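Heads up, the sequence shown is in full-length UniProt numbering, so the first residue is 1 and it goes up one at a time.
Worksheet for the structure shown next.
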Amino acid sequence: MLQAIRDKAQGWIAWVIVGFISIPFALWGIQEYIGVSGEQVAAKVAGSEITQKQLESSVERFRSQLREVFGGKIPEAYTDEALRKQVLDGMISDDLVSGHAEQQGIRAGDGMVREEIRNYPTFQKDGKFDADLYKSSLLQQGRSPAMFENLIRQDISVDVLRRAVSDTSVVSDAELDSYLSLKEQQRLISYLVVTNSQDADSELVSDADVRAWYDANPANYMRPEQVRLEYLELSRDIIAKDISIDPAAIQTYYDEHKQSWTADEKRSMRHILFTVDSKQSDAEAKAAAEAVLAQLHDGADFAQLAREHSADPGSANAGGDLGVVDKGVMVKPFEDAAFALEKGQISELVRSRFGYHIIEVTDIQGGGVKPLADVEESIRTQLQQDEAERLFYDYAEQLANIAYDSPDSLEPAAEALGLKVQESDWLARSGNPEGIGTPKVMLAAFGDDVKQQGFNSEVIELDTERVVVVRMQEHREVATRPFDEVTDLIRQQLELKAKSEIASKKAAALLARLEAGETIDVVAQDENLDVEADKQVSRDTSDIPSAIISAAFALQQSGDQSAYTTAALVTGNHAVIELKSVTDGDVAATSEAARNELRKQFADTRGKKALSAYIEWLRDTNEIEILSE
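Here is the structure:
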């Protein structure tokens with residue numbers, strides 16, 4: 001719904017810029033909206049407060065968004081500390097913009113709020129807004145109508161002011177031309193690569209070197225705060241496998257759903273094709289087909305006539321045989337005719353986009369109801385799943401009650417429900433979405449009840465068919481990983497570094513020879529290296545290491561003279577590069593549509609910078625106190 005509000009915000013800008021007077025009107029008691037006192041405060045922003053509960057809720061939503069964007073796993077760069085800081089910064093910025101919007105008199109009217117809520121499908125019954133449904137839906141989210149309406153009003157106001165700041169940039173044609181000339185530029189280069197193993201000694205790194213590096217860089221080898229959990233998992237599949245189904249129930253289900261067990265019909269068929277093309281008109285093809293059809297009616301052999309007359313190269317030599325054909329394979333006129341024939345029946349002429357067909361059905365398979373034996377296991381599984389779905393919520397409630405009544409152990413719940421107490425691996429706050437380390441579970445695991453008090457958690461939903469209850473088995477604080485655990489890793493890092501330094505020195509020596517006037521071919525021959533010669537590259541070239549492309553485009557050429565540089569590659573190798581010539585991009589080759597899209601991108605970028613500067617100004621001119629990191 002809020003996205004729909006944003007989509008319409010452009011239409012509201014004119015309303016709010018000229019200013020309008022909102023009649024003191026409450027759709028469902030806006031006057032009831034009040035702050036909740038007594039909650040732990042995460043930050044104070046220009047007189048308003050962001051509670052710890054609001055922060056945790058926003059962090060949880062952001063984690064879910066990241067998992068969705070990155071395919072289920074949050075990148076390591078998003079540490080818990082960094083993620084929470086980013087979310088809190090965003091909340092502070094929104095609060096500042098909201099406050100400034102209010103100061104500037106930018107406020108969405110009650111009518112706008114009311115219209116959006118009335119048009120939202122979730123709150124409609126039989127196509128019309130239902131106030132009771134609206135209130136009950138919000139109640140499930142822990143919100144009152146007044147709170148929800150106020151959030152919408154604030155979102156509109158914040159969005160309007162953000163747009164007013166960001167939608168002001170103009171990009172000239174000269175700027176576009178200059179950019180395109182550089183972006184589409186082509187450069188002619190040659191290069192050679194000095195490998196990091198060249199002249200490398202197998203004893204480059206000693207045990208003492210490894211230990212010294214570890215002692216000097218402990219921050220490089222930190223282990224995050226982690227927990228190991230005991231847990232009970234309840235799922236529909238777990239319940240279903242223990243459910244026995246009466247054979248009579250299977251028979252009844254089969255009898256009541258026979259239409260669901262119909263086998264797909266297949267037909268064996270053959271045809272004779274008379275094409276309509278530049279060599280044969282429609283009338284000529286039809287006449288030839290009618291003549292052959294008459295012979296078939298007189299008892300002629302279908303296969304022989306197909307070999308003599310069919311224009312289908314794929315089936316003519318096989319007597320027109322098309323094999324077994326499923327529905328949906330042939331063109332519609334052909335299929336309609338073929339699946340209307342009886343076994344052994346020959347069709348009249350059938351016109352398709354290929355020409356005229358004569359079709360014979362030689363066999364019919366399927367089409368009837370599958371026997372019970374073929375579908376019995378499928379029915380059994382379905383009935384087990386149906387019963388498991390019915391029992392799932394009852395069992396989940398039992399799990400919640402027993403885990404609460406026996407907070408110091410999972411065993412009572414396990415025994416009552418026939419579940420097995422399982423153990424997790426070590427889990428950090430960022431979790432592991434492939435197991436039980438979902439954001440909801442991690443939020444509970446690192447919460448006060450589980451981590452500090454040692455109690456069972458509440459029932460936590462993993463997905464619509466699985467829930468868990470967890471408890472702390474073991475906890476360990478942030479610490480440096482043991483030396484023995486990282487010894488091999490450090491040795492690899494130091495050896496790569498040492499070899500790379502050798503390659504770097506070698507590349508620098510070769511560069512000096514080139515700058516002294518030797519050619520890259522001569523230098524390469526002396527050092528027994530291969531030259532990648534005369535490569536025409538653009539900024540988007542992907543078959544050459546990106547470090548080489550970046551270095552080549554950073555070079556400045558003086559007249560027609562070659563320019564030289566080196567580049568460190570991600571493998572630890574080093575490249576020596578010669579820039580031979582530069583050709584500017586053809587500005588005229590870019591279409592008007594592409595220019596307009598580029599202009600929009602530039603304007604968006606500038607708008608974001610303007611918005612960033614605006615928010616920075618708000619942060620500098622307002623009092624902000626962060627109470628919880």
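Heads up, the beta-carbon is just placed ideally off N, CA and C, and yes, glycines get one too.
Treat the numbers as computed from the prediction; the structure is a model and nothing was measured.
Open item on the list: Check whether the region 110–127 and the region 144–156 are in contact - that is, three or more C-beta pairs closer than 8 Å.
Closed with: yes
TODO: Please go through the region 38–121 and give each complete alpha helix (DSSP H) segment of 4 or more residues, from N-terminal end onward.
DONE: For the region 38–121, whole alpha helix (DSSP H) runs of length 4 or above, ordered along the chain, are 52–69, 80–103 and 110–119.
Open item on the list: Quick check on Q422: does DSSP put it in helix, strand or coil?
Closed with: Your numbering for residue 422 matches position 422 in the sequence shown. It is a strand residue.
TODO: Return the residue from the list A568, T621, R162 and P407 that minimises the CA-CA distance to P545.
DONE: On the sequence shown, residue 545 is found 545 positions in, with the first residue counted as 1. Taking only the C-alpha atoms, the option nearest P545 is A568.
- [ ] Just mark G29 as buried or exposed, buried being the case when its beta carbon has 16 or more other beta carbons within 10 Å.
- [x] Translated into the one-based positions of the sequence shown, residue 29 becomes position 29. With a pLDDT of 31 at G29, under the threshold of 50, the modelled position of this residue cannot be trusted, and the question is left open.
Task: Residue from L511, S424, Q141 and L462 whose Cα sits closest to the Cα of H475 - done: For the purposes of this step, residue 475 is taken as the residue at position 475 of the sequence shown. The option with the nearest alpha carbon to H475 is S424.
- [ ] Classify S98 as buried or exposed, calling it buried when 16 or more other Cβ atoms lie within 10 Å of its own Cβ.
- [x] Sequence index remark: in the sequence shown, residue 98 carries index 98 (1-based). S98 comes out buried.
TODO: Would you kindly check if the distance between the Cβ of A338 and the Cβ of M269 is under 8 Å?
DONE: By 1-based counting over the sequence shown, the position of residue 269 is 269. By 1-based counting over the sequence shown, the position of residue 338 is 338. It is a contact, given that the beta carbons lie within the stated cut-off.
Task: Stretch-stretch touch, CB-based, cutoff 8 Å, three pairs: the region 528–540 with the region 556–574 - done: Of all C-beta pairs linking the region 528–540 to the region 556–574, fewer than three are shorter than 8 Å, placing the two stretches out of contact.
Open item on the list: Which same chain residues end up closer than 8 Å to V570 when comparing Cβ atoms and leaving out the 5 residues on each side of it in sequence?
Closed with: Within the sequence shown, residue 570 is the residue found at index 570, counting from 1. For V570, where only same-chain residues beyond five positions count, the Cβ hits under 8 Å are P545 and A547.
Task: Alpha carbon of S406 to alpha carbon of L427, nearest angstrom - done: The residue given as residue 406 occupies position 406 in the sequence shown. The residue given as residue 427 occupies position 427 in the sequence shown. Computed Cα separation, rounded: 25 Å.
Open item on the list: By the three-class DSSP mapping on this structure, what secondary structure does V16 have?
Closed with: As a working mapping, residue 16 is identified with position 16 in the sequence shown. Annotation note: pLDDT 32 at V16 (below 50); position unreliable, coordinate value reported separately. Helix.
TODO: Pull up the distance between the alpha-carbon of I359 and that of F334, whole angstroms please.
DONE: Counted from its first residue, the sequence shown places residue 359 at position 359. Counted from its first residue, the sequence shown places residue 334 at position 334. Roughly 8 Å between the two C-alpha positions.
Open item on the list: Just to confirm the assignment, what range does the beta strand (DSSP E) spanning E233 have?
Closed with: Locating residue 233 in the sequence shown gives position 233, counting from the first residue. E233 -> beta strand (DSSP E) spans Q226 to S235.
Task: Beta-bridge partners of E474, as assigned by DSSP - done: As a position in the sequence shown, residue 474 is number 474, starting the count at 1. E474 pairs with R228.
Open item on the list: Any heavy atom of the ligand ZN inside 7 Å of the beta-carbon of S378?
Closed with: Looking at this structure, you won't find the ligand ZN or any other ligand, since it has none at all.
Open item on the list: Below 8 Å, how does it come out for the region 307–321 and the region 273–282: are there three or more Cβ pairs, yes or no?
Closed with: yes
Open item on the list: Rounded to the nearest angstrom, what separates Y395 and L417 at their Cα positions?
Closed with: Here residue 395 refers to the residue found at position 395 when the sequence shown is read from its first residue. Here residue 417 refers to the residue found at position 417 when the sequence shown is read from its first residue. Their Cα atoms are separated by approximately 7 Å.
Open item on the list: Could you tell me which whole beta strand (DSSP E) segments of length 3 or greater appear in the region 486–559?
Closed with: 531–537
Task: Nearest candidate by alpha-carbon position, reference E56, set E411, K440 and A294 - done: The count along the sequence shown starts at 1 and reaches residue 56 at position 56. When only C-alpha atoms are compared, the closest one is K440.
TODO: Starting from H271, follow the beta strand (DSSP E) in both directions and report where the run begins and ends.
DONE: The count along the sequence shown starts at 1 and reaches residue 271 at position 271. Its beta strand (DSSP E) spans residues K266 to T275.
TODO: Return the first residue and the last residue of the alpha helix (DSSP H) that E290 is part of.
DONE: Here residue 290 is taken as the residue at index 290 of the sequence shown, counted from 1. Residue range D282 to H297 is occupied by the alpha helix (DSSP H) that includes E290.
- [ ] With distances taken Cα to Cα, identify the nearest neighbour of I502 among D530, G437, E116 and L204.
- [x] For the purposes of this step, residue 502 is taken as residue 502 along the sequence shown, with counting starting at 1. The option with the nearest alpha carbon to I502 is L204.
Task: Candidates G366, S591 and N317, of which the one nearest E265 by Cα - done: The residue given as residue 265 occupies position 265 in the sequence shown. Answer by Cα proximity: G366.
Open item on the list: By the DSSP assignment, the beta strand (DSSP E) with H574 in it spans what residues?
Closed with: Numbered from 1 along the sequence shown, position 574 holds the residue referred to as residue 574. Looking at the DSSP string, the run of the beta strand (DSSP E) that includes H574 is H574 to T583.
- [ ] Have a look at E397 and L410 and give me their C-alpha separation to the nearest angstrom.
- [x] Here the question's residue 397 lines up with position 397 in the sequence shown. Here the question's residue 410 lines up with position 410 in the sequence shown. About 15 Å.
- [ ] Under 6 Å Cβ to Cβ from A552, same chain only, skipping five residues before and after it: list those, please.
- [x] Numbered from 1 along the sequence shown, position 552 holds the residue referred to as residue 552. If we look at A552 and ignore the five residues flanking it on each side, its Cβ neighbours are R187, I189, I577 and L579.
Task: 8 Å contact criterion, which E225 and R429 should meet: CB distance rounded - done: As a working note, residue 225 is residue 225 in the sequence shown. As a working note, residue 429 is residue 429 in the sequence shown. Yes, they are in contact, since the Cβ atoms of E225 and R429 sit about 7 Å apart, within 8 Å.
Task: Three-state class that DSSP yields for M330 in the structure shown - done: As a first step, residue 330 is located in the sequence shown; it is residue number 330 there, counting from the start. Looking at M330 - three-state DSSP - the assignment turns out to be coil, as it is neither helix nor strand.
Task: Alpha-carbon spacing of A316 relative to A283, whole angstroms - done: Position 316 of the sequence shown, counted from the start, is the residue given in the question as residue 316. Position 283 of the sequence shown, counted from the start, is the residue given in the question as residue 283. The straight-line gap from Cα to Cα measures roughly 22 Å.
Task: N-terminal and C-terminal residue of the alpha helix (DSSP H) that S612 is part of - done: Sequence index remark: in the sequence shown, residue 612 carries index 612 (1-based). Run containing S612: E592 to T621, per the alpha helix (DSSP H) assignment.
Open item on the list: For a quick check, are the C-beta atoms of T573 and T195 less than 8 Å apart?
Closed with: For the purposes of this step, residue 573 is taken as the residue at position 573 of the sequence shown. For the purposes of this step, residue 195 is taken as the residue at position 195 of the sequence shown. The identity of residue 573 in the sequence shown is Asn, whereas the question assumes Thr. Yes, Cβ-Cβ distance for N573 and T195 is below 8 Å.
Task: CB contact flag (G607, S137, <8 Å) - done: Residue 607 sits at position 607 when you count from the first residue of the sequence shown. Residue 137 sits at position 137 when you count from the first residue of the sequence shown. No.
Open item on the list: Is it the case that the region 480–496 contacts the region 214–229, given that we only count it when at least three CB pairs across the two stretches are under 8 Å?
Closed with: yes
- [ ] Grab me the residues of V361's own chain with a C-beta within less than 8 Å of its C-beta, minus the 5 sequence neighbours each way, in chain order.
- [x] As a working mapping, residue 361 is identified with position 361 in the sequence shown. Cβ neighbours of V361 within its own chain (closer than 8 Å, five residues either side excluded): R267, S268, M269, A338, L341, E342, K343, G344 and Q345.
Task: Best match in A42, A46 and S58 for proximity to Q52 [C-alpha to C-alpha] - done: Here the question's residue 52 lines up with position 52 in the sequence shown. Of A42, A46 and S58, the residue nearest in Cα terms is A42.
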